[in-house]
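Those sequence lines, one after another, are chains A and B. Taking my numbering, the leading residue of the first sequence gets 436, the next gets one more, and so forth. Taking my numbering, the leading residue of the second sequence gets 13, the next gets one more, and so forth.
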Amino acid sequence: MTEKVLMKGNEALAEAALRAGCRFFFGYPITPQTEVAAYMSKRLPQVGGTYLQAESEVAAINMVYGASAAGARVMTSSSSPGISLKSEGISYMAGSDLPGVIINIQRGGPGLGGIQPSQSDYWQATRATGHGDFQIFVFAPSTVQEMADCAYEAFDIADKYRIPVMILGDGLLGQMMEPVCLPEARDMESLPAKPWATMGHKHEREHNVVNSLYLTADKLESLNIERYERYDVIKANEQRCEEYLVDDADFVVVAFGASARVARSAVNAAREQGIKVGLLRPITLWPFPEAAINKACEHAKAFLAVEMNMGQMVDDVRLVVNGRVPVEFYGRTGGVIPTPAEVLGKIVEMTEREGE
Amino acid sequence: MSKDMQAVFAGFGGQGTLFSGKVVAYAGLIEGREVSWFPSYGPEMRGGTANCSVTVSDGLIGSPLVTEPDAVIAMNQPSYDKFVDLVKPGGVIVADTSMVAELGQHPDVRVIGIPATQIAEEAGLKGLANIVLLGRLFAEEPFCALETVDAALQKCIPPKKAAMLDKNRVAFKLGTEA
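Written out as structure tokens, the structure is:
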């Protein structure tokens, strides 16, 4: 195991991406994400890669499209308002089955909002990253180590399923430092072949086409259906969730990313009061860890979603629970970080209402 | 084994509060403990003040934002005023009295004032008041073994600035004796 170093989440993520074989980065500065771009601008030239600060987020995501079409491992990063600008390009990537990694270090919204940590882009990431019938794969790291681990794995997932992968972090995870063990650098020769990529071929094969325009309805429908069959495989194979004290839990808190850190402290405090409560922490937001929620639903009397927004992931918990038990919500928004005491208060309130 | 500590390091931008926080975080890391370091990056920074939250713990760390610190280092009056009332009862706040004129009455908190900027300047260590204060905090609340501080300083000072290492060592020692 390599030595543990103290790094900011943004920098650990960037270094891990580089070690995963990312050699192209296109972006545009925005707080609280800028360290990702700054780090890439320093490191990519050292490994023969290309860093380019685009003239806008729209340009950056289209450069990602181009590099990906040519078979490269490529990444862009931004924060909430910048992701909105990239949404058209992400839809084009999905429609062209292009892999690529998109980082969203969320800040409060809507609009220009604020620059403090937030999770208010959950719906955007899991429902409507752009127009059209599609999903992207969404990781939700909760520690600096996971920022690195998810970034490292994101490129493999993206290539394997030919899908854009988003890492949905936030200003807290991006700005904080924690000890991290960085993964081994990939041998660039060992990366998966991309026979579909539009690289030069000296007329030795039929030329490849990367495109999302299909004017024949039947053709477009069949492509969408094929893509959704691939989504079913992802849903079956790639759900990730951490279960903490869930086995005997009467009450289950569901929280991801930064709010899961707060929720874990609250769960520990509630356990000290003798309340049988556990924590489910989705690590993938799409695919949502339905299996883990269903399993917990066999013994849970109620669920509590804790988020740094007005209530977004709680919808997915409700969809899985499907009315079997109550699903409650607690959140802070606008960049406010909930405290463990607030979440504990909500847990206690819930246990009193639902009965011990 | 040192006990868990949640600390805030606060002052004007450029006074080195983020650095002294990082030294504490690295000391925890070297001793194999859980640590987190979280800087202010919001509007207060644009007003010229900067602070960071540091947690050193033997358990997993929840929110890295410290709202009820066990220990605070305050390097200017606005930071002192902002954080002194947040310190846990029995906790400690170390203020640079070269910069903080009014300490006030806070019976539940150990208030320690040393003229760190003056001490540093008189010793030819301009700009190292942050480390003088860190030494004073260490004397009051040893957050790691003494030799770990030295290892942490070595980690935090980049090779290009190696000449600063000895100055930091002296500043820290001055603080422990202040």
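Glycine included, every Cβ here is placed at the ideal spot set by N, Cα and C.
Rounded to whole angstroms, residue 141/B and residue 107/B show a C-alpha spacing of 11 Å. In this structure, the CA atom of residue 712/A is about 22 Å from the CA atom of residue 720/A. In this structure, the beta-carbon distance from residue 623/A to residue 456/A falls below 9 Å. Annotation: residue 116/B to residue 98/B spans about 14 Å, alpha carbon to alpha carbon. Take the alpha-carbon of residue 40/B and the one of residue 46/B: they are about 7 Å apart.
For residue 53/B, the secondary structure class from DSSP, reduced to helix, strand or coil, is coil. The DSSP-derived three-state label of residue 587/A is helix. Residue contact check for residue 127/B against chain A: no CB pair falls below 9 Å.
Ranking 96/B, 145/B and 129/B by CA distance to the CA of residue 121/B puts 96/B first. Residues of chain A whose Cβ lies closer than 7 Å to the Cβ of residue 38/B are, in chain order, 441. In this structure, the CA atom of residue 113/B is about 22 Å from the CA atom of residue 188/B. The beta carbons of residue 698/A and residue 688/A sit about 5 Å from each other, so the pair counts as a contact at 8 Å.
Residue contact check for residue 700/A against chain B: a CB pair falls below 9 Å.
Interface residue (Cβ-Cβ distance to chain A less than 9 Å): residue 171/B is not classified as such. In the DSSP secondary-structure assignment, residue 688/A is bridged to 714/A and 739/A.
For residue 474/A, the secondary structure class from DSSP, reduced to helix, strand or coil, is helix.
Residue 168/B carries a helical assignment under DSSP once its states are collapsed to helix, strand and coil.
Taking all protein chains in view, the Cβ of residue 557/A is crowded by 16 or more other Cβ atoms within 10 Å, so the residue is classified as buried.
The C-alpha of residue 541/A is placed about 29 Å away from the C-alpha of residue 737/A. For residue 763/A, the uninterrupted beta strand (DSSP E) segment begins and ends at 762–766.
A Cβ of chain B is located within less than 9 Å of the beta carbon of residue 697/A. The shortest C-alpha to C-alpha distance from residue 183/B to any of 30/B, 164/B and 138/B is the one to 138/B. Proximity to residue 190/B across 131/B, 179/B, 26/B and 175/B peaks at 131/B, based on C-alpha coordinates. Under the criterion of beta carbons closer than 8 Å, residue 467/A and residue 609/A qualify as touching, at roughly 5 Å. For residue 63/B, the beta-bridge partners assigned by DSSP are 22/B. Secondary structure of residue 564/A (DSSP, three-state): coil.
Nearest in C-alpha terms to residue 446/A, of all of 555/A, 500/A, 521/A and 587/A, is 587/A. Runs of alpha helix (DSSP H) with 4 or more residues, each lying fully within the segment 458–534 of chain A, are found at 469–478, 492–504 and 515–530, listed in chain order. Each residue's CA atom was taken as its position, placing residue 786/A and residue 584/A some 36 Å apart.
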